[in-house]
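The structure under discussion appears below in the form of structure tokens.
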Amino acid sequence: MLSGSPTVNGTFNFTITATDSSTGNGPYGGSQAYSFQIGVGTPPVVGSVSVPANGYYRAGEVLSFTVNFNETVLVDTSGGSPSVPLVIGAATVDASYVSGSGSNALVFQYLVDPGDLDLNGIQIGGVIGLNGGAIANAFSTPADLALNNVGSTTGVLVDTIAPTATSSSVSGSPAPDAVAVDFLVTFSKPVNGVDSSDFVLTRTGSASGAVTNVATSDNVTYTVSVTGVSGTGSLRLDVLADGSITDTPGNPMTAAYASGTPWVRSGSSNASLAGLAPSAGALDPAFNAATFGYAVAVANSVASLTLTPTADDANATITVNGTAVASGNVSQPITLSVGATAIPVVVTAQDGATTRTYTVTVTRASPAPTVVSRIVAINAGQTASVELTDGATGGPFTGAAIIDISDSSAGSAHIEQNGQSFLLVFASSPTFSGGADVRFTLSSAHGTSAPGTISFTVLARPDPALDAEVLGLLRAQVDASKRFAQAQTRNFNGRLEQLHDEGDRRRNSLNVRLGYSESAERGDRTAGSLNEAGADAPGLLGYAPQSSGGASEGGLAAGKANGLGASDGSMDLGPYAIWTGGFVDFSQSDNGGIDLDGTLVGVSAGIDYRFSDRFIGGFGVGFGRDRTDIGANGTESTGLAYSAALYGSYKPADNFFIDGLIGASWLDFDSRRYITATGDFAMGSRSGQQVFGSLSAAYEFRDETWLLSPYGRIEMSRTWLDGFAEEGGGTFGLRYGDQTIDTVSGVIGLRAEYAFKRSWGTLTPGARIEYTHDFAGSSQAKLGYIDLDHLPYWLDVEASSRSYVTLGLSLDAELPQAWTLGVDYRTAFGNARQDHTFGLKVGKQF
1 MLSGSPTVNG
11 TFNFTITATD
21 SSTGNGPYGG
31 SQAYSFQIGV
41 GTPPVVGSVS
51 VPANGYYRAG
61 EVLSFTVNFN
71 ETVLVDTSGG
81 SPSVPLVIGA
91 ATVDASYVSG
101 SGSNALVFQY
111 LVDPGDLDLN
121 GIQIGGVIGL
131 NGGAIANAFS
141 TPADLALNNV
151 GSTTGVLVDT
161 IAPTATSSSV
171 SGSPAPDAVA
181 VDFLVTFSKP
191 VNGVDSSDFV
201 LTRTGSASGA
211 VTNVATSDNV
221 TYTVSVTGVS
231 GTGSLRLDVL
241 ADGSITDTPG
251 NPMTAAYASG
261 TPWVRSGSSN
271 ASLAGLAPSA
281 GALDPAFNAA
291 TFGYAVAVAN
301 SVASLTLTPT
311 ADDANATITV
321 NGTAVASGNV
331 SQPITLSVGA
341 TAIPVVVTAQ
351 DGATTRTYTV
361 TVTRASPAPT
371 VVSRIVAINA
381 GQTASVELTD
391 GATGGPFTGA
401 AIIDISDSSA
411 GSAHIEQNGQ
421 SFLLVFASSP
431 TFSGGADVRF
441 TLSSAHGTSA
451 PGTISFTVLA
461 RPDPALDAEV
471 LGLLRAQVDA
481 SKRFAQAQTR
491 NFNGRLEQLH
501 DEGDRRRNSL
511 NVRLGYSESA
521 ERGDRTAGSL
531 NEAGADAPGL
541 LGYAPQSSGG
551 ASEGGLAAGK
561 ANGLGASDGS
571 MDLGPYAIWT
581 GGFVDFSQSD
591 NGGIDLDGTL
601 VGVSAGIDYR
611 FSDRFIGGFG
621 VGFGRDRTDI
631 GANGTESTGL
641 AYSAALYGSY
651 KPADNFFIDG
661 LIGASWLDFD
671 SRRYITATGD
681 FAMGSRSGQQ
691 VFGSLSAAYE
701 FRDETWLLSP
711 YGRIEMSRTW
721 LDGFAEEGGG
731 TFGLRYGDQT
741 IDTVSGVIGL
751 RAEYAFKRSW
761 GTLTPGARIE
771 YTHDFAGSSQ
781 AKLGYIDLDH
791 LPYWLDVEAS
801 SRSYVTLGLS
811 LDAELPQAWT
821 LGVDYRTAFG
831 NARQDHTFGL
841 KVGKQF
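The sequence shown begins at 1 in full-length UniProt numbering and counts up one residue at a time.
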């Protein structure tokens, strides 16, 4: 070692040689030339400081600084290592001496530690820290440690911090049912290398989606697009740490980020339907998403119904009547009751909270009407009404219709309505017989019935000759015709009996009788004559006392002498006498088929003339009116008769008399007939002519107080009734042909009277017995329905003869003031016939 202390300045060169002490080929040695410059002690000065290149420096990288002195310096690190102070961020660190001793450039380095961060540029301290070391020149002059001319470090950045994601949340306020959303992901610093693979969606529920795009404008906040979002639940965007994301210095992101804010996808709040269709009927009103109530009307035949709902949002759920139904699918059938059935359709939006209920009220109609078919029998030409609603169900009914008639020739049909009642009115053809089916339907608000059938059995119109109403009417007119003749015959014969006694003849009296007769007759359908009621029963109003039995001319003279002739105060007309007589007869008859109740008024009047002591002749007129009620249905006959007659009494011998009568009548009949088949009435009018007559023979045994007279009589009449046609009977009206009625009766009888003189007058009881035999011929009546051109039906009226006995009792009183009063009773019986006649007569002598 060469050592010493210089004493003078200058440069000194010298060589030092050294030789070892080796043997052999040695010794060996070497030399080293040196040059010393000895100064006066000026310290070395830092001329400049070179800094690291601009840029980011990460952990583990070296920041290298070169301190350039103005001369060679020596660094002594035996006591410590010099360093250059650095300010990185907020921390002061040292760049340690690395190399350069013996040169004018000393190198200092700093190994960047994790955690160092200075993004604004590091700073270099003002002096070199020796830290126990030394920096001096060759002359051991310590260097000036001030750092001069330091290069700019503003671009020397230190970043050892790995980037991290600091937030992740949805951008804005997307709809709860959005199908695409953007997440904003913020990093702690600008980063690069970010793409969709660096993100993952963490979800709950059924929410899902896909990261499809990543964009940024500052490399710190990234917009991450998520599309195809569906379902409900939450979506959270997490950042992966796979090293692909680095900051600008290149620090990789090493910590995954899973702490972002989830976005809750509650789903759509759309709970509307886009369509709703019933399997039957139609919605009323037509479907509209904003209309929540609908009505559907279906027929009764629809027992169940389905609904097909379609959601406006495919993610909505639907229940129909409480059962889930996929949108656009058919619901389960819903059973319908008759009447209204409410079906709720509930739509739940995707958000699970929003619901809407659509209500479909289905009204199932009551059953369509059902009708009852039936069979109805009617006569040809009859009109039948059938109540179509009888037995029918499904009312109230609103209409009825005829579908068809099986045979158009059977008749015509139509419907008549009365409120909710519907009548099928069928008018059968008069010429049709057989079956005719009329098909019909009934309608209601709920539908129309299946066709029903009314089967009409059309019977040919009945034989009118068998109709009790027709038979009774013809019998009533025949009987009335006979009674008209008998009434005048009895009235005139009563006068003829009076002609046997001049006293009686001279009494011009009102001689009207009130009578009641009843007959009960049992027989077949042919009509016999009715009882002739109220036959005149002449009374004895004072017989003149005679000197000898019999009514001789002497007797007549004696009568006059006793005041019974013209001198009795009467109107003396000489050989003439005027008289009147008549009766009112009430009769009943029952022929075993139909009752006849009749009232007959028969009045006669005349004038006679005594041509001789043995013959008296006269002329008279008569009027008759008959009304007969036939049966209990309203059939009746009313007849009028106007008569004229010639009569005479001849006495060929004492007490023997022959009486004769001949006359004629003009008849008019009005009828009203109950039509059995229809319940209607037919009206008719007919006229006729009649001749009648009688021939009697009588012998009178008499004295002053008593009379006994047997007699016999033949009564005859012929009546011609014109044909006529009824009106108002429709097809059941009848047309009647001309009719002839002949009557021949033989009568034998005995009458007796006895007169009792009293202070106030004369009381004369009497009795009579007659036997009558009717030689009744056949009165044939032809008839037919009015719409026929011929008369195919006929019947015999009075086809049987009759024989009967008449018993009579009478009581006559001659009262003061020339009044007379008489009563009589007669009964006739025989041949299934019995009559009862009660008579009253009142007289006044003029």
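The beta carbon of each residue, even a glycine, is placed where N, CA and C say it ideally should be. Since the model is a prediction, treat every value here as computed from it, not as a measurement.
Please confirm whether residue i has its beta-carbon closer than 8 Å to some beta-carbon of chain B.
i      : result
GLY472 : Looking for chain B here will not work: only one protein chain is present.
Quick one: what's residue i bridged to in DSSP?
i      : result
PHE12  : PHE36
PRO163 : Beta-bridge pairing links PRO163 to no other residue.
THR705 : Per DSSP, none; premise fails for THR705.
TRP666 : TYR642, GLN689
PRO246 : A small correction: the amino acid at residue 246 is Thr; Pro does not occupy that position in the sequence shown. According to DSSP, which records beta bridges pairwise, THR246 is partnered with ASN192, PRO252.
SER269 : None; SER269 has no bridge partner.
ARG236 : THR202
With distances taken Cα to Cα, identify the nearest neighbour of residue i among the options.
i      : options                        : result
SER637 : GLY729, VAL603, GLN477, TRP720 : GLN477
ALA175 : PHE292, ASP351, SER152         : ASP351
ASP501 : PRO816, GLN780, ARG610, GLY606 : ARG610
ASP247 : LEU157, ASP182, THR306, LEU276 : LEU157
GLY684 : LEU237, LEU474, PHE12          : LEU474
VAL741 : ARG495, ALA480, GLY151, ASP629 : According to the sequence shown, residue 741 is Ile rather than Val. Among ARG495, ALA480, GLY151, ASP629, the Cα nearest to that of ILE741 belongs to ALA480.
SER643 : PRO652, ILE675, GLN689         : GLN689
ILE748 : ALA755, ALA725, SER709, PHE756 : SER709
PRO114 : GLY602, MET716, ILE88, TRP760  : ILE88
THR719 : SER687, LEU459, TYR699, ALA353 : SER687
GLY4   : ALA487, THR306, PHE36, ALA91   : PHE36
ASP597 : ILE630, ALA697, ALA605, SER604 : ILE630
ASN104 : GLY55, GLY60, VAL425, VAL45    : VAL45
VAL320 : MET716, GLN417, SER331         : SER331
ARG627 : ASP670, PRO396, LEU821, ILE318 : ASP670
ASP390 : GLN420, ALA91, ALA165          : GLN420
Consult DSSP for residue i and reduce its assignment to one of helix, strand or coil.
i           : result
ASN300      : coil
residue 863 : Within the shown structure, residues of the chain are numbered from 1 to 846, placing residue 863 beyond reach of any answer.
PRO252      : strand
GLU636      : strand
LYS482      : helix
LEU117      : strand
ASN491      : helix
residue 878 : What the structure shows of the chain is the stretch from 1 to 846, and residue 878 is not part of that stretch, so it cannot be assessed.
ALA286      : coil
GLY126      : coil
ALA767      : strand
GLN780      : strand
SER694      : strand
ARG58       : coil
LEU540      : The predicted model places LEU540 with a pLDDT of 39, which falls under 50 and marks its position as unreliable; any figure quoted below should be read in that light. Coil.
ASP76       : strand
ASP351      : coil
PRO176      : coil
GLY555      : Low per-residue confidence applies at GLY555: pLDDT is 34, beneath 50, and the placement is therefore not dependable enough to give any value.
PRO652      : strand
ALA316      : coil
GLY391      : coil
SER22       : coil
THR827      : strand
LEU791      : coil
ASP742      : strand
Pull up the CB-CB distance for residue i and residue j, whole angstroms please, since I reckon it's below 8 Å.
i      : j      : result
PHE440 : ILE405 : So it is not a contact: roughly 10 Å between Cβ atoms.
SER443 : ALA392 : Incorrect: roughly 11 Å between the Cβ atoms, too far for contact.
LEU600 : ARG483 : 5 Å
Using 8 Å as the threshold, is the stretch 50 to 66 in touch with the stretch 29 to 38, meaning 3 or more CB pairs across them? no
contact_flag[the stretch 185 to 192, the stretch 136 to 155] where n(CB pairs < 8 Å) is 3 or more: no
Count the CB pairs spanning the stretch 321 to 341 and the stretch 235 to 245 that are closer than 8 Å, and state whether there are at least three. no
Between the stretch 73 to 86 and the stretch 260 to 270, are three or more C-beta pairs nearer than 8 Å? no
Specify whether the stretch 357 to 370 and the stretch 443 to 456 touch according to this definition: at least 3 beta carbon pairs, one from each stretch, less than 8 Å apart. yes
Would the stretch 291 to 303 and the stretch 208 to 217 be scored as touching if the rule is three or more Cβ pairs under 8 Å? no
State whether the stretch 784 to 791 contacts the stretch 746 to 762, with contact taken as three or more CB pairs (one from each stretch) at a distance under 8 Å. no
Does the count of Cβ pairs from the stretch 221 to 230 and the stretch 249 to 261 closer than 8 Å reach three? no
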